[in-house]
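Student: Read top to bottom, the protein sequences are chains G and W. If you want the working numbering, it's the 1-based position in the first sequence plus 56. If you want the working numbering, it's the 1-based position in the second sequence plus 5. C-beta atoms are modelled at their ideal positions from N, C-alpha and C, and glycine is treated no differently. This one's a predicted model, so the numbers in the text were calculated from it and none came from an experiment. Have a look at this one before I ask anything.
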Amino acid sequence: MRTPEPVSEAAPAGEVAPLLRLVLPSQTEFLGLVRDVTKRLGESAGFDGETAKQIALATDEAVSNVLEHAYGGRTDLELEVAFFCEGPDFRVDVMDTGVGVDPRHIPKVDLARYATERRTGGLGLHLMAKIMDSVTFSRKAPCNLCSLSKRRPQGPSPAA
Amino acid sequence: MSELVVESRQCDEVTLIYPRGFINAHTVRLFEGEIQKALADQRFKIVVNCAELAYIASAGLGAIMGSIEEIRENGGDLRLSELNETVRNIFEILGFNHLYRIFPSELEAVMSFRGEGAHA
Numbered sequence: 057m058r059t060p061e062p063v064s065e066a067a068p069a070g071e072v073a074p075l076l077r078l079v080l081p082s083q084t085e086f087l088g089l090v091r092d093v094t095k096r097l098g099e100s101a102g103f104d105g106e107t108a109k110q111i112a113l114a115t116d117e118a119v120s121n122v123l124e125h126a127y128g129g130r131t132d133l134e135l136e137v138a139f140f141c142e143g144p145d146f147r148v149d150v151m152d153t154g155v156g157v158d159p160r161h162i163p164k165v166d167l168a169r170y171a172t173e174r175r176t177g178g179l180g181l182h183l184m185a186k187i188m189d190s191v192t193f194s195r196k197a198p199c200n201l202c203s204l205s206k207r208r209p210q211g212p213s214p215a216a
Numbered sequence: 006m007s008e009l010v011v012e013s014r015q016c017d018e019v020t021l022i023y024p025r026g027f028i029n030a031h032t033v034r035l036f037e038g039e040i041q042k043a044l045a046d047q048r049f050k051i052v053v054n055c056a057e058l059a060y061i062a063s064a065g066l067g068a069i070m071g072s073i074e075e076i077r078e079n080g081g082d083l084r085l086s087e088l089n090e091t092v093r094n095i096f097e098i099l100g101f102n103h104l105y106r107i108f109p110s111e112l113e114a115v116m117s118f119r120g121e122g123a124h125a
């Protein structure tokens, strides 16, 4: 494995520091670890077990997208998953240094066509969007960032 | 511990597939392979018993989507049974519950194939 460039640096002053930051090899065998950590932190952030599992699924999908599309199956690179509790929101950032994915080019899910055309692309993004309140993609060279956010069930009120 | 174990057995004309654990991009080949094995044996009546399936990501759903046309073209079907809350929620989020027949028990899923003709 090559020595990686740091995918991200420490949070600048004024920005929320992550609860946890994982730097992982670009290998699918680490998806289980991502899932378990996400579920645990989701529950700690106040989500019930079932919702925490769904957030873990959305995170699994985001990481899988990086492995398949941004890194094209290469296993010698790294990616980063960072978890934040930012005000009322729980946020998971997935960062990579691969090929940027423009979500506008991902086909819309049409289940009827999927069943007859053997198409399966776009399901992961569709799941992420259904589970999370917000899914955004951005690029600041050389990094791609997929940010998944969901309002916590008992977040502080704006006045708090 | 392995993330996924997949076993299968025959019950008359029906192939029963038992995924145990987690289906995602890392493990999907095992699950897909078991479906493909049934198709290679010309067995197109399939029940996936999800009683011990903890979790299924889009890779696993894609494996089902990728084989369903061939299965139905051959007069068969892929049906599911015993989905836990997590897996059922995922199916409902994607609308898969409208595309696939889902049964509370394996027996009901197997029995649903009875009287459907030579292939299904």
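(1) If distances are taken between C-alpha atoms only, which option among 86(W), 97(W), 68(W) and 9(W) comes closest to residue 115(W)?
(2) Going straight from the alpha carbon of residue 10(W) to that of residue 31(W), what length do you get?
(3) Comparing the C-beta of residue 84(G) with each C-beta of chain W, is any distance below 8 Å?
(4) With a cut-off of 8 Å, does the C-beta of residue 23(W) fall near any C-beta of chain G?
(5) Count Cβ pairs between the segment 182 to 194 of chain G and the segment 102 to 120 of chain G that sit closer than 8 Å; are there 3 or more?
(6) Sort 105(G), 157(G), 187(G) and 145(G) by Cα distance to residue 197(G) and report the nearest one.
(7) Report the partner residues of residue 118(G) according to the DSSP bridge assignment.
(8) What is the residue span of the beta strand (DSSP E) that residue 151(G) lies within?
(9) When you compare each of 138(G), 73(G) and 126(G) to residue 149(G) by their alpha carbons, which one comes out closest?
(10) For residue 123(W), which residues of its own chain have a beta-carbon under 6 Å away from its beta-carbon, when the five flanking residues on both sides are left out?
(11) Can you round the beta-carbon distance between residue 144(W) and residue 83(W) to whole angstroms, since I take them to be within the 8 Å contact cut?
(12) Per DSSP, which one or two residues make a beta bridge with residue 206(G)?
Tutor: Let me spell this out:
(1) 86(W)
(2) 12 Å
(3) yes
(4) Chain G, which has no Cβ nearer than 8 Å to the Cβ of residue 23(W), makes this no.
(5) Contact between the segment 182 to 194 of chain G and the segment 102 to 120 of chain G is present, with at least three C-beta pairs closer than 8 Å.
(6) 157(G)
(7) Answer is none; residue 118(G) lacks a bridge partner.
(8) Start and end: 145 to 152.
(9) 138(G)
(10) At residue 123(W), the pLDDT of 48 sits below 50, so the modelled position is not reliable and the matter cannot be decided from this model.
(11) Given a span of 6 to 125 for chain W in the structure shown, any question on residue 144(W) remains unanswerable.
(12) 146(G)
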